[in-house]
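This report concerns only the one structure given below.
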Amino acid sequence: MQMSEARRYQQLRAHLSYLKLNDAAEALNRVLDQSRTERMSLTAALERLLEIEVEATEARKRAARERFACLPEPWTLADFDFAAQPGVDEKLIRDLATLRFLDDASNVLFVGPPGVGKTMLSVALGRAAVDAGPRLLIIDELGYLPLPEDGASALFQVINQRYLKSSTILTTNVGIADWAGAFGDATVAAAMLDRLLHRAAVAGIDGPSYRLRGHRNQAENLRAGVNARVS
Ligand code: ADP
Ligand code: MG
C-alpha cells in the first residue's frame, strides 16, 4: 500500500514535469504535506499547487517583458512631481496611465523643450504597459539629431505599419508645425503626422526644465543675495 502511494507520488511528479509545470512539481511534496496537516480538500490542495505554478509563470513572463522593454530607468508615474511641472496636464497623464489609449491603438505625443519630463513620462507609461502586459512602442527624442538618409521614410513605414493597429508614444522637441522642415521631406512628414495624429493625445509640455532646477535656484539665491546687499 505504502509502496504504491510512493509510486503514485513519483508518477504525479513526473506528469507535472512532463507538462513543464516545474514549479508545481517542485512544490508537490510541500503542498501534499500541507494538505494532510491542514486537512485540506482535494480542490483546495489542487488550487494551491496550481496557484504556485501560475504565480511563477506570471513572474517569468513579467521578467521577460521587462528585459524586452529595455526601459532606461525604473521610473513610475509616482516618481513624477506634477507640482514641479505646471506645463503638464496631470489629468491627461493620469488618464493615459490607465492605458485605455492602447485599446483603440491611439498614439501619444509629448512635445516640448529639453528637461520637461517627456522621457520620464514615456518611461512611466512604458512601465505601466510592462506591468499590464500590452504592446507599446516608444520612440524617444525625435528631432534632436538629424535623421540619417532614408530615416524619415523608415520612420514613416514604422508609423504606417502600426497605424490603427498598435499604439506609439513619441517624444520630440520639434513642434508639430515645424515637422515638415525638421524631417527633410515635407510630404513624408505630413503623411507621418496625418497617421500619428488621427487618433492621438498630444501633450505639449511648455514648462521649466527639471534638469536646470538646481541652476535656477542657484541663480535666484545669488540674485537674492546681491539684492540684499544692495538694499
Ligand atoms: P526630457 O525628456 O523632456 O528632456 P526628462 O524626462 O529626461 O526630460 O527629464 C530630465 C530629468 O529630470 C530626468 O532625470 C527626470 O527624471 C527629471 N524630471 C523631469 N521632470 C520631472 C518631474 N516633474 N518630477 C521629477 N523628476 C523630473
Ligand atoms: Mg528626453
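Position one of the sequence shown corresponds to residue 0 (numbering that gives the first Met the number 0), numbered consecutively onward.
Beta carbons are placed, not taken as given, at the ideal position from N, Cα and C, and that holds for glycine.
For this session: From the DSSP output, in three-state form, read off residue 30 for me.
Result: Taking the sequence shown and counting its residues from 1, one reaches residue 30 at position 31. If DSSP states are grouped into helix, strand and coil, residue 30 belongs with the helices.
Problem set entry | Beta-bridge pairing of residue 109 - partner residues as DSSP gives them | Taking the first residue of the sequence shown as position 1, residue 109 is located at position 110. The partner list for residue 109 (beta bridge, DSSP) reads 170 and 202.
Problem set entry | Nearest-angstrom Cα separation, counted from residue 33 out to residue 23 | Translated into the one-based positions of the sequence shown, residue 23 becomes position 24. Translated into the one-based positions of the sequence shown, residue 33 becomes position 34. Each residue's Cα considered, the two are about 14 Å apart.
Problem set entry | Boundaries of the alpha helix (DSSP H) in which residue 144 is found, first to last residue | Within the sequence shown, residue 144 is the residue found at index 145, counting from 1. Per DSSP, residue 144 is not a residue of any alpha helix (DSSP H), being assigned neither H nor E.
Problem set entry | Meets three-Cβ-pair contact criterion under 8 Å: the region 119-134 and the region 90-103 | They touch, by the three-pair rule.
Exercise. Quick one: Cα of residue 45 to Cα of residue 53, how far?
Worked result: For the purposes of this step, residue 45 is identified with residue 46 of the sequence shown, where counting begins at 1. For the purposes of this step, residue 53 is identified with residue 54 of the sequence shown, where counting begins at 1. Near 12 Å, if we compare the C-alpha coordinates of residue 53 and residue 45.
For this session: Please look up how many angstroms separate the CB atoms of residue 84 and residue 206, rounded, as I've assumed it's under 8 Å.
Result: Your numbering for residue 84 matches position 85 in the sequence shown. Your numbering for residue 206 matches position 207 in the sequence shown. That pair is a contact at about 5 Å.
Exercise. At which residues does the alpha helix (DSSP H) containing residue 118 begin and terminate?
Worked result: Numbered from its first residue, the sequence shown carries residue 118 at position 119. Run containing residue 118: 117-131, per the alpha helix (DSSP H) assignment.
Problem set entry | Host alpha helix (DSSP H) of residue 50 (start-end) | Within the sequence shown, the letter at position 51 stands for residue 50. Counted as a single uninterrupted DSSP element, the alpha helix (DSSP H) harbouring residue 50 occupies residues 41-68.
Exercise. According to the neighbour-count rule (16 or more other Cβ atoms, all chains shown, within 10 Å of its Cβ), is residue 60 buried or exposed?
Worked result: For the purposes of this step, residue 60 is taken as residue 61 along the sequence shown, with counting starting at 1. Exposed.
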